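Q:
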Amino acid sequence: MSRLILAAIFALAAPVASADAASSAKELARCQAMSATFKPKQKEIAKLKDARDEQAEIVETKGEAWDDVEVMRNASRKHAKTADAAKADYEAAKADLLRMELGLQEAVTALNADFEAYNQTCATQK
0 MSRLILAAIF ALAAPVASAD AASSAKELAR CQAMSATFKP KQKEIAKLKD
50 ARDEQAEIVE TKGEAWDDVE VMRNASRKHA KTADAAKADY EAAKADLLRM
100 ELGLQEAVTA LNADFEAYNQ TCATQK
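Numbering that gives the first Met the number 0 applies: residue 0 is where the sequence shown begins, and numbers increase by one.
(1) Give the secondary structure of Cys121 by DSSP, where H, G and I count as helix, E and B as strand, and everything else as coil.
(2) If we call anything under 8 angstroms between Cβ atoms a contact, is Leu110 one with Gln41?
(3) So what does DSSP say about Thr60, is it helix, strand or coil?
(4) Near Ala112, what residues of its chain come up, given a Cβ to Cβ distance below 8 angstroms and the 5 sequence neighbours on each side ignored?
(5) Could you tell me whether the Cβ atoms of Ala85 and Ala55 are closer together than 8 angstroms?
(6) Excluding the 5 residues flanking Lys61 on each side, which residues of the same chain have their C-beta closer than 7 angstroms to its C-beta?
(7) Output needed for Ala79: all residues of its chain with C-beta closer than 7 angstroms, excluding positions within five of it in sequence on either side, in chain order.
(8) What did DSSP end up calling Met33 once you bin it into helix, strand or coil?
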């Protein structure tokens, strides 16, 4: 009788154990796939940061150039046109910098969300 009960318990537990093993294998594969995306995303963020920093230097240079010609704005119409062109160039560079900064922030926010999801579902507590 006890053998029959034991056999019934094992018969019921076997599908659950195999389902847990399959689920664990899928979970492991999902976690490995998630972690494999981190390095490429970090490299992309580094490239975005470098491009943003380079653009910030360009904006600084164009701002100084505009400041230099703005001083002479009232000297003549030609000087005023030169100052207007320098200001427009500076404003365009600032707009590019803002676009780059927002793109960088979006990429960092997305990576942080990926890290958080990985930590919540894949990282083990020790």
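We treat Cβ as the ideally placed atom computed from N, Cα and C, and that holds for glycine. Given the structure is predicted, the values throughout are model-derived calculations rather than measurements.
A: Taking the structure as given:
(1) coil
(2) yes
(3) helix
(4) none
(5) no
(6) Asp88, Tyr89, Ala92
(7) Arg72
(8) helix
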